[in-house]
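Residue numbers (UniProt numbering), protein chains in the order written: chain A, 1 to 268; chain B, 1 to 268. Cβ coordinates follow ideal geometry from the N, Cα and C atoms, glycine included. Read through the structure below, which is laid out as structure tokens, and then see the notes.
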């Protein structure tokens, strides 16, 4: 991330008001709230409609690319990398961006962190029950994520990390080993999914040796319909309970479990 | 003023966004699915009109759903492309600088070649002389796999070709940087990388294999459309169409429905 900050060279950030070369992102962001209406007026007169249209398009592209990787978008990043000298009319540009997402893509830009101004794109179109998988792109990681979210959900919203690792082991996904499909599973859950705000991986205070617990992340809260999840859980309930039983699972039962989960996911 | 986008259009666009590229037959099925899901008025064979509405709204965002033909199977595909591209920027967010450089070099090799392909050996040699940062053999193989996974390249028997997605997406870019050095199909006027060539030294026109198949269909004495010399190459069979129902084919489609199932042979 820090490499990118340097790459977007200081030369492009020559907005008149700033004398510092490297800005703290908080300063960058605070700038948004200090804009006066006079500055807005001047900016609007300074840029042609064509230029402003172009900026809107660039912001839309920027957000789409970030969202493709499920990286939450920070307002400071939008300002620094895309809007730049158009900052005074940031609000106007963002209003148009939001309208575009709704009217063209059926997506909604949602602030998941009002303090730090972080956004994600969520789908406004209703997910269809029984939609063929071929009509909707699949992602093997989603399946695994859903299992974890379900387990956390069923256990009241927070679980110790050991429970997650044991659950995975029973699905023949050993977090200690490199998995064929998922690679470093531990990293995926504690780093990737956390960065994407699907999960939270939090230290439990006063534990020695240090223990962590998993919770739902902000994105999961916004994106995953609890109702759908309940249906999913209902469909695999018996099998999920089996996972927590002391009975050793044979390879056959693991295959069955995974197939049931896959079928249930298709209906999500 | 273009009609507003309905939920059916938005769903279609979202699916295009996650897939990047889909075959024309799948696009037709998707069109039906999207309309039926949202209770929109559905007319078979009006896929082009449906897509035109979406494109009208994508224009100000510098995006476009473009139709193209695969050099391998002669089938048509729809790809969501960025129109502002003056470079391979669509890939920029997914790959490191040296990986992008390798891709450009691979593209150079492919465009230069007679066969429209590059061997893994040649690509490995390039990897060794990159200006940005050299890639080791294992890293190169990994990157090439990524390119294939992400549908930018196709691989067969150690030979790499540009995928239909790549060509549709980057045709503009390629015409700009390669100018006259890039081959163009005499029949369909698109870029031709894997093609047959007229052997007449003063003619030398190039034709895509699927275009050859269609142009010379059932002709016992194939002649060059430009110089009338005998066409010395084996005429490939037209591939059996994969569409579910012939009703879904747009009228301008060049998709073939000839029932011959024999696999097209590669030209020598």
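Counting C-beta neighbours from all protein chains within 10 Å, is the total for residue 77 of chain A 16 or more, i.e. buried, or is it exposed?
buried
Taking the beta strand (DSSP E) that residue 165 of chain A falls in, what are its first and last residues?
Looking at the DSSP string, residue 165 of chain A is not in any beta strand (DSSP E); the run it does join, the alpha helix (DSSP H), is 161 to 170.
Pick helix, strand or coil for residue 217 of chain B, following the three-state DSSP scheme.
coil
From which residue to which residue does the beta strand (DSSP E) around residue 33 of chain B run?
Taken as a continuous stretch (DSSP letters only), residue 33 of chain B belongs to no beta strand (DSSP E), being part of the alpha helix (DSSP H) at 24 to 37.
By Cβ distance, which residues of its chain are closer than 6 Å to residue 82 of chain A, with the 5 residues on each side in sequence left out?
58, 59 and 62
Just to make sure I have the definition right: I need the residues of chain A whose C-beta is within less than 7 Å of the C-beta of residue 57 of chain B. Which are they?
Close partners of residue 57 of chain B in chain A (Cβ separation under 7 Å): 104.
Using a Cβ-Cβ cut-off of less than 7 Å, give me the residues of the segment 41 to 65 of chain A that come near chain B, in sequence order.
53, 57, 60 and 65
Find the nearest neighbour of residue 67 of chain B within the set B/76, B/230, B/61 and B/132, judged by alpha-carbon distance.
Of the candidates B/76, B/230, B/61 and B/132, the one whose C-alpha sits nearest the C-alpha of residue 67 of chain B is B/76.
Going along chain B in order, which residues have a C-beta closer than 8 Å to the C-beta of residue 125 of chain A?
7, 10, 11 and 14
Measure how close the beta-carbons of residue 20 of chain B and residue 165 of chain B come, nearest whole angstrom, since I'm counting them as under 8 Å.
6 Å
Interface residues of chain A around residue 50 of chain B at Cβ under 9 Å?
Under the 9 Å cutoff, chain A gives no residues; its nearest Cβ is about 14 Å from residue 50 of chain B.
In whole angstroms, what separates the C-alpha of residue 72 of chain A from that of residue 239 of chain B?
45 Å
Would you be able to state if there are at least three C-beta pairs under 8 Å between the segment 135 to 153 of chain B and the segment 28 to 46 of chain B?
These segments do not touch.
Thinking C-alpha only, which one of A/68, A/90 and A/100 is nearest residue 75 of chain A?
A/90
Helix, strand or coil for residue 132 of chain B per DSSP?
In the three-state DSSP reduction, residue 132 of chain B falls in the coil class, being neither helix nor strand.
Mind pulling the chain A residues with CB within less than 7 Å of residue 62 of chain B?
57
Between the Cα of residue 62 of chain B and those of B/129, B/169 and B/147, spot the shortest distance and give me the residue it belongs to.
B/169
Determine the direct distance from the alpha carbon of residue 120 of chain A to that of residue 114 of chain A, and round the result to whole angstroms.
12 Å
Under the DSSP definition of a beta bridge, which residues are partnered with residue 119 of chain B?
Its beta-bridge partners are B/159.
Assuming residue 216 of chain A contacts residue 149 of chain A under a Cβ cut-off of 8 Å, what Cβ separation, rounded to an integer in Å, is found between them?
6 Å
Secondary structure at residue 68 of chain B, three-state DSSP: helix, strand or coil?
strand
Using the Cβ count rule (16 or more neighbours within 10 Å means buried), how would you classify residue 189 of chain B?
exposed
Distance cutoff 7 Å, beta carbons only. Does residue 228 of chain B sit that close to anything in chain A?
no
Nearest by alpha-carbon distance to residue 186 of chain B: which of B/210, B/146 and B/172 is it?
B/210
Could you tell me which residues DSSP puts in a beta bridge with residue 269 of chain A?
Within the shown structure, residues of chain A are numbered from 1 to 268, placing residue 269 of chain A beyond reach of any answer.
Which whole-angstrom value describes the C-beta separation of residue 87 of chain A and residue 35 of chain A, a residue pair presumed to lie in contact below a C-beta threshold of 8 Å?
7 Å
Answer yes or no: does any C-beta atom of chain B fall closer than 7 Å to that of residue 192 of chain A?
no
Kindly indicate which three-state DSSP category residue 154 of chain A falls into: helix, strand or coil?
helix
Spatial neighbours of residue 278 of chain B within its chain, please: CB distance less than 6 Å, with the 5 preceding and 5 following residues excluded, ordered by chain position.
Since the displayed chain B opens at 1 and closes at 268, residue 278 of chain B lies outside it and no answer follows.
According to DSSP, what are the bridge partners of residue 197 of chain A?
Per DSSP, none; premise fails for residue 197 of chain A.
Identify whether residue 79 of chain B lies in helix, strand or coil by the three-state DSSP scheme.
In the structure shown, the three-state DSSP call for residue 79 of chain B is strand.
Less than 7 Å between CB atoms is the rule here; does residue 93 of chain B satisfy it with respect to chain A?
Yes, residue 93 of chain B lies at the interface with chain A (some Cβ there is under 7 Å from its Cβ).
Would you mind stating whether residue 64 of chain B and residue 81 of chain B have Cβ atoms separated by less than 7 Å?
Between residue 64 of chain B and residue 81 of chain B, the CB-CB gap stays under 7 Å.
Just checking, does the segment 105 to 118 of chain B make contact with the segment 90 to 97 of chain B on the three C-beta pairs under 8 Å criterion?
no
With a threshold of 16 other CB atoms inside 10 Å of the CB of residue 181 of chain B, please say whether the residue is buried or exposed.
exposed
Rounded to the nearest angstrom, what separates residue 44 of chain A and residue 97 of chain A at their Cα positions?
17 Å
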